[in-house]
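Enquirer: Protein chains in written order, with full-length UniProt numbering: chain A, 1 to 141; chain B, 1 to 141; chain C, 1 to 141; chain D, 1 to 141.
No residue lacks a Cβ here, since even glycine has one placed at the ideal position from N, Cα and C.
First the structure, which I've put down as structure tokens, then a few questions once you've had a look.
4 protein chains.
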Amino acid sequence: MQPVMTAQEIAGFLDREFPQIHAGGRAYSIDSVSSGEAVMRLAATDLHLRPGGTISGPSMMALADLAAYVVILAHIGPVALAVTTNFSINFLRKPEAGDLLGTCRLLKLGKRLAVVECGIAGAGEEELVAHATATYSVPPR
Amino acid sequence: MQPVMTAQEIAGFLDREFPQIHAGGRAYSIDSVSSGEAVMRLAATDLHLRPGGTISGPSMMALADLAAYVVILAHIGPVALAVTTNFSINFLRKPEAGDLLGTCRLLKLGKRLAVVECGIAGAGEEELVAHATATYSVPPR
Amino acid sequence: MQPVMTAQEIAGFLDREFPQIHAGGRAYSIDSVSSGEAVMRLAATDLHLRPGGTISGPSMMALADLAAYVVILAHIGPVALAVTTNFSINFLRKPEAGDLLGTCRLLKLGKRLAVVECGIAGAGEEELVAHATATYSVPPR
Amino acid sequence: MQPVMTAQEIAGFLDREFPQIHAGGRAYSIDSVSSGEAVMRLAATDLHLRPGGTISGPSMMALADLAAYVVILAHIGPVALAVTTNFSINFLRKPEAGDLLGTCRLLKLGKRLAVVECGIAGAGEEELVAHATATYSVPPR
Numbered sequence: 001m002q003p004v005m006t007a008q009e010i011a012g013f014l015d016r017e018f019p020q021i022h023a024g025g026r027a028y029s030i031d032s033v034s035s036g037e038a039v040m041r042l043a044a045t046d047l048h049l050r051p052g053g054t055i056s057g058p059s060m061m062a063l064a065d066l067a068a069y070v071v072i073l074a075h076i077g078p079v080a081l082a083v084t085t086n087f088s089i090n091f092l093r094k095p096e097a098g099d100l101l102g103t104c105r106l107l108k109l110g111k112r113l114a115v116v117e118c119g120i121a122g123a124g125e126e127e128l129v130a131h132a133t134a135t136y137s138v139p140p141r
Numbered sequence: 001m002q003p004v005m006t007a008q009e010i011a012g013f014l015d016r017e018f019p020q021i022h023a024g025g026r027a028y029s030i031d032s033v034s035s036g037e038a039v040m041r042l043a044a045t046d047l048h049l050r051p052g053g054t055i056s057g058p059s060m061m062a063l064a065d066l067a068a069y070v071v072i073l074a075h076i077g078p079v080a081l082a083v084t085t086n087f088s089i090n091f092l093r094k095p096e097a098g099d100l101l102g103t104c105r106l107l108k109l110g111k112r113l114a115v116v117e118c119g120i121a122g123a124g125e126e127e128l129v130a131h132a133t134a135t136y137s138v139p140p141r
Numbered sequence: 001m002q003p004v005m006t007a008q009e010i011a012g013f014l015d016r017e018f019p020q021i022h023a024g025g026r027a028y029s030i031d032s033v034s035s036g037e038a039v040m041r042l043a044a045t046d047l048h049l050r051p052g053g054t055i056s057g058p059s060m061m062a063l064a065d066l067a068a069y070v071v072i073l074a075h076i077g078p079v080a081l082a083v084t085t086n087f088s089i090n091f092l093r094k095p096e097a098g099d100l101l102g103t104c105r106l107l108k109l110g111k112r113l114a115v116v117e118c119g120i121a122g123a124g125e126e127e128l129v130a131h132a133t134a135t136y137s138v139p140p141r
Numbered sequence: 001m002q003p004v005m006t007a008q009e010i011a012g013f014l015d016r017e018f019p020q021i022h023a024g025g026r027a028y029s030i031d032s033v034s035s036g037e038a039v040m041r042l043a044a045t046d047l048h049l050r051p052g053g054t055i056s057g058p059s060m061m062a063l064a065d066l067a068a069y070v071v072i073l074a075h076i077g078p079v080a081l082a083v084t085t086n087f088s089i090n091f092l093r094k095p096e097a098g099d100l101l102g103t104c105r106l107l108k109l110g111k112r113l114a115v116v117e118c119g120i121a122g123a124g125e126e127e128l129v130a131h132a133t134a135t136y137s138v139p140p141r
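Structure below.
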């Protein structure tokens with residue numbers, strides 16, 4: 001599966017169509033897009049933390065959901081109507097404050113449904129702090 | 001299962017221990033706590049919307065995760081160390097902008113794990129817009 | 001949502017289209033079908049047990065998956081092409097040997113996807129031993 | 001993570017502790033065990049099929065659940081008390097009749113919980129037909 005959009009094109013699309021994701025500052029950004037895969041970065045700020053410095057569950061859920069959307073978009077083109085139908089996440093280890101990388105790969109890109117798997121780890125770390133799978137409904141194309 | 005905290009006590013606890021949930025304004029609030037159940041309200045603002053006025057997936061995930069935490073806390077007392085281990089959500093219908101209610105009930109409150117089921121619907125509406133289940137690791141008590 | 005098939009009609013359909021579910025004996029049967037809901041029974045035999053007399057996880061998964069299929073079929077008519085796309089289950093308590101009832105209710109019956117929620121409990125018991133949600137792809141109709 | 005049991009030792013353990021999995025014939029077998037990973041084979045027979053020759057959802061769920069149990073057992077030693085607490089599966093593509101391989105890898109092996117990720121594909125095939133994650137409660141050791 002080859003991407004049909006670059007990381008820059010997707011970032012521009014998100015800026016226009018989903019400006020709310022950058023409310024409070026540009027914490028989420030696209031690190032890379034490649035064949036069947038996309039990597040998103042969350043540069044966590046106080047907004048994303050729980051007491052003790054760990055990154056909140058909802059922040060990691062948002063990272064995975066956004067990265068899943070990006071990898072799908074990268075492979076089907078600029079479509080605003082792809083919507084999450086199912087999202088499931090396992091929290092494995094407590095993350096430290098700092099940047100997180102969500103690496104999502106396409107398990108399936110069908111006519112109506114796309115399924116994505118995401119591993120979330122601290123930037124530069126091997127061990128996953130969370131692992132998610134998400135299913136999106138995609139428009140006919 | 002009887003609650004051991006009132007809605008007001010839990011709200012105060014959240015204010016002290018998790019002030020970040022109110023960043024950007026008090027959108028999340030506790031509507032009620034009863035036997036085995038809690039209802040949380042999300043008064044959605046622009047921060048929580050996607051274009052077209054629909055409430056974002058991550059906002060609904062945060063609502064369910066927070067409501068699950070509240071119903072567990074209500075029944076085990078003020079503990080900050082309960083953490084989400086698994087979270088799964090199905091998005092059923094597109095929600096309109098406006099208040100959402102997340103009604104979470106305890107499926108299990110064990111020695112180590114608690115499992116919660118949450119239905120999310122527009123305030124005053126019957127039909128669910130989303131349905132989630134979450135598992136929390138709870139500290140020994 | 002009103003059913004368009006009776007329990008007897010569905011049972012006959014399953015006999016013709018999915019005879020394998022009764023391999024080893026008629027353990028699975030339809031207890032009832034009503035508006036938006038279906039109840040399936042698993043009369044567990046040695047085939048379904050783990051040592052110690054508890055019913056196996058896969059047997060409960062099969063019960064929930066079958067009950068979900070039945071409640072969907074009951075409301076859309078005799079269609080063999082509805083297929084499970086996502087299935088998720090939480091095991092809450094250890095079940096005793098004996099009959100289990102899976103009560104499934106439709107959360108959504110859309111044009112392309114149906115979402116079902118199932119509670120599994122011992123026959124005559126209140127407390128759930130397991131809780132599942134399943135998403136099915138349904139053919140156009 | 002290094003295994004503490006060989007495939008042969010685990011197979012012998014399953015024969016003694018869970019003889020029911022081989023009811024109807026030895027369809028499930030352990031292909032291999034390595035660092036952090038295990039591969040199980042399902043040699044599907046009529047018992048595991050749906051009309052049209054495709055392998056049933058519950059058969060694939062059983063394969064993933066068993067393979068998850070095996071990879072955990074391989075790394076913690078002969079323990080019969082590890083139990084599934086959460087299981088979630090996405091069905092991606094229709095499998096052909098024939099052997100399926102479930103490749104499970106440990107995402108986390110903690111003091112109380114183990115989390116496993118499984119990819120299921122036709123023997124010799126690259127593309128996944130299903131993808132699952134499972135959480136097990138493990139006894140103190």
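(1) Which residues mark the beginning and the end of the alpha helix (DSSP H) in which V70 of chain B is found?
(2) Going straight from the alpha carbon of A114 of chain D to that of L113 of chain B, what length do you get?
(3) Please go through the same chain and pick out, in chain order, the residues whose beta-carbon is closer than 6 Å to the beta-carbon of R93 of chain C, but skip the five residues on each side of it.
(4) Quick test of the definition: if touching needs 3 or more C-beta pairs under 8 Å, does the region 93–102 of chain B touch the region 37–50 of chain B?
(5) Please identify the residue among A:G119, A:Y136, A:T85 and A:L73 whose C-alpha is closest to the C-alpha of E17 of chain A.
(6) Counting Cβ pairs, one atom from each stretch, are 3 or more of them under 8 Å apart for the region 77–86 of chain A and the region 118–125 of chain A?
(7) From this set, A:P3, A:P140 and A:S59, which residue's C-alpha is nearest I21 of chain B's C-alpha?
(8) Would you say R112 of chain B reaches chain D, if we count a Cβ-Cβ gap shorter than 9 Å as a contact?
(9) For L92 of chain A, which three-state DSSP category applies?
(10) According to DSSP, is R26 of chain C helix, strand or coil?
(11) For K108 of chain A, I'd like the list of residues in its chain whose CB is within less than 7 Å of its CB, leaving aside the five on either flank, ordered along the chain.
(12) Taking Cβ-Cβ distances shorter than 7 Å, what residues in chain D pair up with N86 of chain B?
(13) How many Å lie between G36 of chain C and F13 of chain D at the Cα?
(14) What's the gap between the Cα of M61 of chain C and the Cα of A68 of chain C?
(15) On the three-state DSSP scale, how would you describe G102 of chain A?
(16) So, with DSSP's three-state summary, where would you put A11 of chain B?
(17) Beta-carbon within less than 8 Å of H48 of chain B's beta-carbon, same chain only, minus the 5 sequence neighbours each way: which residues are those?
(18) Around the C-beta of T135 of chain A, are 16 or more other C-beta atoms found within 10 angstroms, so that it is buried, or is it exposed?
(19) Assuming S88 of chain A contacts S88 of chain B under a Cβ cut-off of 8 Å, what Cβ separation, rounded to an integer in Å, is found between them?
(20) What did DSSP end up calling L81 of chain A once you bin it into helix, strand or coil?
(21) Is P58 of chain A close to chain B, meaning its C-beta is less than 9 Å from at least one C-beta of that chain?
(22) In chain order, what residues of the same chain have a beta carbon less than 6 Å from the beta carbon of A105 of chain A, not counting five sequence neighbours either side?
(23) Between the C-alpha atoms of Q8 of chain A and H75 of chain A, what's the straight-line distance to the nearest angstrom?
(24) Just reading off the beta strand (DSSP E) that R50 of chain A is part of, what are its end residues?
(25) Beta carbon of N90 of chain B, beta carbon of N90 of chain A: below 9 Å?
(26) Do A97 of chain D and G25 of chain D come within 9 Å of each other at the CB atom, strictly closer than that value?
(27) For R50 of chain C, which residues from the same chain have a beta carbon less than 6 Å from its beta carbon, with the 5 sequence-adjacent residues on both sides left out?
(28) What are the residues in the region 32–56 of chain C lying within 8 Å of chain D by C-beta distance?
(29) Alpha carbons only, please: which of A:G119, A:H131 and A:V71 is nearest the one belonging to T6 of chain A?
(30) Going by C-alpha distance, which of D:G110, D:P95 and D:G119 is nearest P139 of chain D?
(31) Roughly how many angstroms separate the alpha carbons of P95 of chain A and A44 of chain A, rounded to a whole number?
(32) Just by C-beta distance, which residues in the region 11–25 of chain B are closer than 8 Å to chain A?
(33) Find the residues of chain A that neighbour V115 of chain D, judging by a C-beta separation of less than 7 Å, and give them in chain order.
(34) At least one CB of chain B closer than 9 Å to the CB of V83 of chain A: is that the case?
Expert: Walking through what the data contain:
(1) Residue 70 of chain B sits at position 70 when you count from the first residue of the second sequence. Per DSSP, V70 of chain B belongs to the alpha helix (DSSP H) from G57 to I76.
(2) Locating residue 114 of chain D in the fourth sequence gives position 114, counting from the first residue. Locating residue 113 of chain B in the second sequence gives position 113, counting from the first residue. Computed Cα separation, rounded: 13 Å.
(3) For this step, residue 93 of chain C is matched to residue 93 along the third sequence. Once the five neighbours on either side are set aside, the close Cβ partners of R93 of chain C are V129.
(4) Because the criterion of three Cβ pairs below 8 Å is met, the region 93–102 of chain B and the region 37–50 of chain B touch.
(5) Residue numbering aside, residue 17 of chain A sits at position 17 when the first sequence is read from its first letter. That would be A:L73, whose Cα lies nearest to the Cα of E17 of chain A.
(6) No, they do not touch.
(7) As a position in the second sequence, residue 21 of chain B is number 21, starting the count at 1. Closest by C-alpha distance to I21 of chain B, out of A:P3, A:P140 and A:S59, is A:S59.
(8) Counting from 1 along the second sequence, the entry for residue 112 of chain B is found at position 112. Yes - at least one Cβ of chain D is within 9 Å of the one on R112 of chain B.
(9) As a working mapping, residue 92 of chain A is identified with position 92 in the first sequence. It is coil, neither helix nor strand.
(10) Stepping through the third sequence from its first residue, residue 26 of chain C is reached at position 26. Three-state result, R26 of chain C: coil.
(11) Position 108 of the first sequence holds residue 108 of chain A. Result list for K108 of chain A: A114 and V115, in chain order.
(12) Locating residue 86 of chain B in the second sequence gives position 86, where the first residue counts as 1. In chain order: N86 and T135.
(13) Position 36 of the third sequence, counted from the first residue, corresponds to residue 36 of chain C. Position 13 of the fourth sequence, counted from the first residue, corresponds to residue 13 of chain D. Spanning the two alpha carbons is a distance of roughly 44 Å.
(14) Numbered from its first residue, the third sequence carries residue 61 of chain C at position 61. Numbered from its first residue, the third sequence carries residue 68 of chain C at position 68. C-alpha separation (whole angstroms): 11 Å.
(15) Here the question's residue 102 of chain A lines up with position 102 in the first sequence. Strand.
(16) In the second sequence, the residue the question calls residue 11 of chain B occupies position 11. Note: A11 of chain B maps to helix in three-state DSSP.
(17) In the second sequence, the residue the question calls residue 48 of chain B occupies position 48. These residues qualify, in order along the chain: A27, L42, I55, S56 and S59.
(18) In the first sequence, the residue the question calls residue 135 of chain A occupies position 135. Answer is buried; the Cβ neighbour count reaches 16.
(19) Here residue 88 of chain A is taken as the residue at index 88 of the first sequence, counted from 1. Here residue 88 of chain B is taken as the residue at index 88 of the second sequence, counted from 1. About 4 Å separates the two Cβ atoms, so the contact holds.
(20) Counting from 1 along the first sequence, the entry for residue 81 of chain A is found at position 81. Of the three classes helix, strand and coil, the one that applies to L81 of chain A here is coil, per DSSP.
(21) To locate residue 58 of chain A, count along the first sequence from 1; it is residue 58. So, interface residue.
(22) Looking up residue 105 of chain A in the first sequence gives position 105. For clarity, residue 105 of chain A is Arg in the given sequence; the question names Ala instead. Within the same chain, R105 of chain A has close Cβ partners G36, E37 and E117.
(23) Along the first sequence, read from residue 1 onward, the residue named residue 8 of chain A stands at position 8. Along the first sequence, read from residue 1 onward, the residue named residue 75 of chain A stands at position 75. The straight-line gap from Cα to Cα measures roughly 14 Å.
(24) Locating residue 50 of chain A in the first sequence gives position 50, counting from the first residue. No beta strand (DSSP E) holds R50 of chain A; DSSP gives it neither H nor E.
(25) By one-based count along the second sequence, residue 90 of chain B stands at place 90. By one-based count along the first sequence, residue 90 of chain A stands at place 90. The answer is no: Cβ separation not under 9 Å.
(26) Sequence index remark: in the fourth sequence, residue 25 of chain D carries index 25 (1-based). Sequence index remark: in the fourth sequence, residue 97 of chain D carries index 97 (1-based). The Cβ atoms of G25 of chain D and A97 of chain D lie no closer than 9 Å to each other.
(27) Here residue 50 of chain C corresponds to residue number 50 of the third sequence, with the count starting at 1. So the list reads S56, once near-sequence residues are dropped.
(28) D46, L47, H48, L49, R50, P51 and S56
(29) For this step, residue 6 of chain A is matched to residue 6 along the first sequence. Closest by alpha carbon: A:V71.
(30) In the fourth sequence, counting from the first residue as 1, residue 139 of chain D sits at position 139. Nearest C-alpha to P139 of chain D: D:G110.
(31) Position 95 of the first sequence, counted from the start, is the residue given in the question as residue 95 of chain A. Position 44 of the first sequence, counted from the start, is the residue given in the question as residue 44 of chain A. Approximately 11 Å, taken between the alpha carbons.
(32) Residues E17, F18, Q20, A23 and G24.
(33) The residue labelled residue 115 of chain D in the question sits at position 115 within the fourth sequence. Those within 7 Å of V115 of chain D in chain A are N90 and L92.
(34) Working through the first sequence from its first residue, we reach residue 83 of chain A at position 83. Judged by the 9 Å Cβ criterion, V83 of chain A is in contact with chain B.
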